[in-house]
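Residue numbers (the working numbering), protein chains in the order written: chain H, 3 to 481; chain Y, 3 to 481; chain C, 3 to 481; chain G, 3 to 481.
Where a beta carbon is used, it is the ideal one built from N, C-alpha and C, also for glycine.
Number of protein chains: 4
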Amino acid sequence: MPSLREECGVLGIYRNKKGPLAMDSYLGLCALQHRGQESCGIAVNEDGLFRFHLDAGLVSEVMNPRILEDLGQGQIAVGHVRYGTDDTRGRINMQPLVINHRKGRLALANNGALTNYSSLRDDFEEKGMIFHTTGDAEVISCAITRERLTAGSTEEALERAMGSLDGSYALVMMTPRKLIAARGPRAFRPLCYGKLPEGGFVVASESCALPVLGAEFVRDIRPGEIVVFNDTGARSITTHCGSKPRSACMFEYIYFARPDSVLDGVSVHEARARAGEILAREHPVQADIVVGGPDSGIDGAVGYARASGIPYGPGFIKNRYIARTFINPENRDRGTAVKIKLNPVSAVVSGKRVVLVDDSIVRGTTSKNIVRLLREAGALEVHMRITSPPFLYPCYYGTDIKASDKLIARQHSIKEIQEIIGADSLHYLSHSAVRTIAAPIPPKELCIACFNGQYPCDIPNDALRDRYAKRLIRVGELQ
Amino acid sequence: MPSLREECGVLGIYRNKKGPLAMDSYLGLCALQHRGQESCGIAVNEDGLFRFHLDAGLVSEVMNPRILEDLGQGQIAVGHVRYGTDDTRGRINMQPLVINHRKGRLALANNGALTNYSSLRDDFEEKGMIFHTTGDAEVISCAITRERLTAGSTEEALERAMGSLDGSYALVMMTPRKLIAARGPRAFRPLCYGKLPEGGFVVASESCALPVLGAEFVRDIRPGEIVVFNDTGARSITTHCGSKPRSACMFEYIYFARPDSVLDGVSVHEARARAGEILAREHPVQADIVVGGPDSGIDGAVGYARASGIPYGPGFIKNRYIARTFINPENRDRGTAVKIKLNPVSAVVSGKRVVLVDDSIVRGTTSKNIVRLLREAGALEVHMRITSPPFLYPCYYGTDIKASDKLIARQHSIKEIQEIIGADSLHYLSHSAVRTIAAPIPPKELCIACFNGQYPCDIPNDALRDRYAKRLIRVGELQ
Amino acid sequence: MPSLREECGVLGIYRNKKGPLAMDSYLGLCALQHRGQESCGIAVNEDGLFRFHLDAGLVSEVMNPRILEDLGQGQIAVGHVRYGTDDTRGRINMQPLVINHRKGRLALANNGALTNYSSLRDDFEEKGMIFHTTGDAEVISCAITRERLTAGSTEEALERAMGSLDGSYALVMMTPRKLIAARGPRAFRPLCYGKLPEGGFVVASESCALPVLGAEFVRDIRPGEIVVFNDTGARSITTHCGSKPRSACMFEYIYFARPDSVLDGVSVHEARARAGEILAREHPVQADIVVGGPDSGIDGAVGYARASGIPYGPGFIKNRYIARTFINPENRDRGTAVKIKLNPVSAVVSGKRVVLVDDSIVRGTTSKNIVRLLREAGALEVHMRITSPPFLYPCYYGTDIKASDKLIARQHSIKEIQEIIGADSLHYLSHSAVRTIAAPIPPKELCIACFNGQYPCDIPNDALRDRYAKRLIRVGELQ
Amino acid sequence: MPSLREECGVLGIYRNKKGPLAMDSYLGLCALQHRGQESCGIAVNEDGLFRFHLDAGLVSEVMNPRILEDLGQGQIAVGHVRYGTDDTRGRINMQPLVINHRKGRLALANNGALTNYSSLRDDFEEKGMIFHTTGDAEVISCAITRERLTAGSTEEALERAMGSLDGSYALVMMTPRKLIAARGPRAFRPLCYGKLPEGGFVVASESCALPVLGAEFVRDIRPGEIVVFNDTGARSITTHCGSKPRSACMFEYIYFARPDSVLDGVSVHEARARAGEILAREHPVQADIVVGGPDSGIDGAVGYARASGIPYGPGFIKNRYIARTFINPENRDRGTAVKIKLNPVSAVVSGKRVVLVDDSIVRGTTSKNIVRLLREAGALEVHMRITSPPFLYPCYYGTDIKASDKLIARQHSIKEIQEIIGADSLHYLSHSAVRTIAAPIPPKELCIACFNGQYPCDIPNDALRDRYAKRLIRVGELQ
């Protein structure tokens, strides 16, 4: 299900003494790579001097031994991986954003989407500010640094600035002497921190970035919380920016996050397996084998198999040597194009009634392809089961799904979708069920706006944002 | 289990009319990439003109749109992916080998290892031949082209030459007008062919290369058989080169081949799953979850789960964004280094008694690492089950395992290995069982020399071969 | 004489209708490449949308067909090549600077050095501005855009802003609808414009960038002048920013500019040849051949030969295939290192008394090397003649020569320098003569501060600027 | 005059003790780069182990610090730069050729063109030899190694083999213990050697490769001579391969070689300057300035100026930052395309009657362009003078000029050529004069077949050679 794209992953490291922070950041970002594959960056702070490098591409493409050496040793680092949403994509918005201001320097990495970006930027431009990017990070930096002219500390400035930010954000930033993490009051996007074995801390979008650094998970950053890391440890500041209720993004559990991550106390693998189990009870079927859509459907398939008693089988092989391909699918017939990266295991499905479990259907193209692959491999029946409700509404809180995208469930009934993708049956997880899979998070603290259209906070006027985004394009994207 | 490396994968395409054979070869080789990742090459025949490109690296790295365009359209193509075994590694032995001789041109790609390379080469050098490489393909080319001086056709020359070749080989070659495939009489290495929808044929080391070209599987090349493909179709020649019995490599089923391939009529997935099932009966254990070693242990794990009734769980996440990394594991503590590419899913294994199914243990390093990862993720017990017998003897038939390699089973008892890798129990598949998993291939037609030391044909004198290999090194390997 | 480095070259293009401006900018920047080889950038304006690309490296390295295509067609473009002076070097200050502000977008490219950078930036930071770079272009952009909040047009804002800028600058900038060029009142740095054959204009640091675009030279931008280019043609605005007198940089004629350029009405080739002629009269010598130091000494040598009657000979061959070399001269003996790029023509100098004409001696290393090369090639005597006075004072107006650099003429008498470089005689052009070689520019309108220490305007406090520059480093320089 | 291309440059180094030979080879090849820019290679011999690297591109592109390190330390090295002539171009014929044979290893680099390639190859193929390339080096290697089966040493085998080689060749080869140089009996191509300061020898196509290695010129290799370099010094073998008279290529002096080289005792600079002097006497003209065609016309122009008394001026600036450009001249008007790399200095030629001295006119395109550039820069008259006779006949001895090339002098009278290129007058050096410029080489020992069609030895049948060359193409040329 490749058409939904998370906006970003952030990383911050604070060490008590100088060390190879560029390499540590590299390792941590590699573990967050699934959250963004368009560009990445690392900034390292050595005694107040900020060295940084950003470019388009995967972490393993952008960074190399020489770059890491040039970034040097340091005490604090901030890293970032990103997609961009459609209107903020490209080199121009690479992060971390590194700036100078009256009171020092700031390197800032963010995951999320401000819903009042346009009005904030209008205000700042009225005051004479100039903007080098079209992204949220610069507006947030503006808000913080302007408050900093009068605030006694960066964290105080951040707290004040947070009062004016709407939408979703999960920030990691460094000043010459501190690492600061903050999560928006609604906590749409995950953010947690851990303790380094040799002293110091790691902040990351997902807990899966901690083990590679040998870090021990401490806890999630709380909604609206600021945590300041320095030599004296981790200090928490509870902000009161509107006392908004939590609205954790359900899609983090369903699709975005890595199965080995635990977000806000909930295992991603378990949430998915539970969705599969409920689905098996909500929509049982007579079948011989359960297979998962690659890769995010596997946990759900294992859950479905467990609850239904139908055996699980590894239905697909993914070609792991083709990260990117220059094959233009348009030049080959579509069925063939898919087979470059994905192949069904005939021995698993041939002559069988197959339950195909996947996480979601956005535009329907992928589902159609994998159903056909199964049939070509000899599946007698293909019963599709989706571990989430139909995806009906655009997301404004950090996901690259816009109203203008062709959401298949918006245009077709479930029956029609079943026909389009060629399945023998198709069923989705119910709204009531999806709210339970991230237990013990209370249902009302989960954002499922993409399923039910009930947006927890104001949504932006797309036209306004376009006004900014459609002006500057930094070319030179990596293929 | 990354320490066993297959030597090569070969591909040949014959079309009735000119087409984008470079692109087709690219697609086919991508599907065979798991058989060799050091170098690759494609030769395309357009009306008798041979255009070719070879370089170190993955297919997706070596080939690019411009190269494919330069290779042009054609009727016949030969492609190759390779590791090298230790003594024939490197750019110098890249294939296909493309040469000119008295009767025309030849492009040849081979998978296997001649056991009488040294004596053949000595003979040819005595006759004044010069050698540009240290690989089997050149010696085979010599044998064929010298016979060709008097033989009436290339296939006749090949048939004669096969009489002098010992060891393993599976060849695809093209002349200006024909595509020819041949498999050594013992058929150690797989080779099959399929029919293209628009006319023509594809020959490949594994059947998994066929679907991406839309080809329909026809059959495996038989031991000692030559098949000639041209405008009149596929013509089979049964050679009588020694009437040696078949010795199909068991490790193709256990580890090398892709699970969706069917070799000599046996599904790789099924052979592995069957091994897991037998293992569950031979070595049962009280446990809560079965997980597979990434990636080749998954099919075995599913089989073990099915036969034991213990649920299967996706125990590991592999970072699919890191194909190669420049992290030197020596610079980091070993446990951390592993976590860059591989992470356990704590939610699957924490607090549980885990059965860890893997395909083999060669040096023990990988097994030790994944056992530790499971324990760190909270596994209460780790019971390791190996879907093959202990690996005790070097392979001389096309696998990169030499006598000098530190085979752990050669130096330690199973009990000691269990302690070294830190498992709570360790059991291997029995010799009698392993011979049954590739049924209906009769046990005596399988080579399991690596398990029992009974080599089906003479093994070479390593020192003799070294005499050649240690003289020329073409530098410039891709990292 | 490679140790003096010009800071930048700028380019602007305005077309009446859309065209391949990225390619045109590429061609123009290649002709200005001698003015800066560290980084370069191009911004193209298509109907108000600014696309841009910047990176470290030569124009021919940074730009490629795909980038140029991505930059697209447009009506207006701005380009830049740069060294950085020591404290503003690196990726962080790549230009053109492209920003958004209240009244639109701005792409700005500058050549020069503000002497009041620190106080301007302090002021802006006090007002809450944040800075992404440590370069002049951003401070100038700030000054312009803040004035633009109240000014009726960008040119009016620029005029106001120019009132606050001290030091040297030669600007090209584009707004959504206009191309604007401006030259500081002292006109240290050159700037001219020409007319495109098909309508439209080109602005460039040097006239040598015009022919490749087929443009006809119109005139130099006047000191303190703003020229606005749009559909109605070129409109001149004479600013009154302090009514400072012109101080054209003499070193543009002596070393920086290309011989085929004409700056402020004076041919660079002619100024150099004239310097050689005067030198022949001021410091004659009995000799057999006149050779020029490569490459900027050749015009002077031809002048010296003409005035002295001693024949001119091509004394050196420069290896034109080595743009950059990874040979570390420290690893080889120095004499050898020089010979990689430069070789004397023995047949020209062997057995002869040689006059070696060069443009300047900064640290003495190069001169010492070329004198030795001539002697090794058989020169009997080497008489060095320099087409400028001794270089004694640092430059604060856009050249990378700082007080801390080891200016040989500051530490040694001419006699001592002669001994250090191993010449048989050494003479410099006199102060009075150097002022005449750029005639008809009046001597008092030339800056020769590097020779006589009489700075035409206030010089900056280095420590203040360092405060900013030493904080942010964007790594990843091209080797 | 870019359309004539030399085939190759060769380099060999012998050291008494192990040293950084890869780096030394790199330096030496950079100095020979003008002799071939399509591909290059280095082979280093360390205690009998041959490490080598070859690829398409300039030496500075193909080699890098890592490659040089991989090539390691050694006692003997062989290097090569090449164009290919039309029918042997491309990666397939990259040199040095490195092979294994019965008696050891051989790395061979050659400059020249065998005229009996086809018959030699036919013979070898009849004997069963296979060929990996379409180049002379492989046929020569065959000849040597076959003789070596019975000869007592490689040099003896080489001597015997030389008896069968016709045409031009200048060889450097290494065996496990020796460096061997040989020059064909007609000595078309240059080859000389020098002594390394720390012991050992350098062999090179031109003497200009010696200074960068600190080597002292010893002497040219004599026609038909073999020189063997080993620990006991340099040993000369005079072969008697047909007692053919010397036919030194006149075009080496006129165009190919670097001005600072001395070939067979004659300075290239002096030969060119002398040609210019004679031309001034043979074809005087009333004019104001003499300029040279870039770059090989400069020495002739200086000679013309000296003899005529008309001042010399630097008429053109060559953009040294554009080694290769991806600008397709076809996409721009031709006049503009030229200006990317070449610009006239208006101040030198404007308002003047200009003598333009160049080395040759092959197809006329370049001459036409530079005459036009001079006129656009204001030249009143342009009188072209060519320092060689009209180029009328193809070269079969190592130059890329074939009968099928459009030699302008073959199709047009001098008067017509003058009109085509737009000159006010055009004169060539006379046949009698050109034979004197390389004095003291006797006129009859110079090959001027390209001017007079008198080929000193049999010329090959192009069709026969094409039979081989048009069969194999190794794609992937560097752009």
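Assign residue i to one of two classes, buried (16 or more other C-beta atoms within 10 Å of its C-beta) or exposed (fewer than that).
i: ASP262(H); result: buried
i: GLN456(G); result: exposed
i: ARG476(G); result: buried
i: ALA435(H); result: buried
i: ARG237(G); result: exposed
i: PRO444(G); result: exposed
i: GLU421(C); result: exposed
i: GLU140(C); result: buried
Straight-line CA distance for residue i to residue j?
i: GLU332(G); j: ALA339(G); result: With a pLDDT of 48 at GLU332(G), under the threshold of 50, the modelled position of that residue is not reliable, and no figure is offered here.
i: THR156(G); j: PRO462(G); result: 28 Å
i: LEU198(G); j: ALA24(G); result: 15 Å
i: GLU200(H); j: PRO98(H); result: 25 Å
i: PHE203(C); j: GLU418(H); result: 59 Å
i: GLY50(Y); j: ALA79(Y); result: 11 Å
i: LYS129(G); j: VAL174(G); result: 26 Å
i: ILE15(Y); j: ASN95(G); result: 27 Å
i: ASN454(Y); j: TYR119(Y); result: 24 Å
i: PRO396(Y); j: ALA451(Y); result: 8 Å
i: GLY311(H); j: ALA289(H); result: 10 Å
i: TYR255(Y); j: ALA45(G); result: 42 Å
i: VAL100(C); j: TYR171(G); result: 58 Å
Hey, residue i and residue j: beta-carbon distance below 8 Å or not?
i: GLY38(Y); j: PHE190(Y); result: no
i: ILE291(C); j: LYS354(C); result: yes
i: CYS243(G); j: GLY267(G); result: no
i: SER143(H); j: LEU167(H); result: no
Cβ closer than 7 Å: which chain Y residues qualify as neighbours of residue i?
i: GLU127(G); result: HIS103, ARG104
If the cut is a Cβ gap below 9 Å, which residues of chain G does residue i touch?
i: ALA33(C); result: ASN321, LYS341, ILE342, ASN345
Are there any heavy atoms of the ligand SAM lying less than 7 Å away from the beta-carbon of residue i, as far as the coordinates show?
i: VAL340(Y); result: The ligand SAM is not part of this structure, which contains no ligands at all.
In chain H, which residues lie less than 8 Å from residue i when you measure between Cβ atoms?
i: HIS55(Y); result: Within chain H, no residue comes near HIS55(Y); the closest Cβ sits about 15 Å away, beyond 8 Å.
Inset, instruction - Please confirm if the segment 102-114 of chain Y is in contact with the segment 110-117 of chain G, defined as three or more CB-CB distances below 8 Å between the two stretches. - result: With the cut-off at 8 Å, the segment 102-114 of chain Y and the segment 110-117 of chain G do not touch.
Legend entry - Cβ contact check for the segment 175-188 of chain H and the segment 229-249 of chain H: 3 or more pairs under 8 Å: With the rule of 3 Cβ pairs closer than 8 Å, the segment 175-188 of chain H counts as touching the segment 229-249 of chain H.
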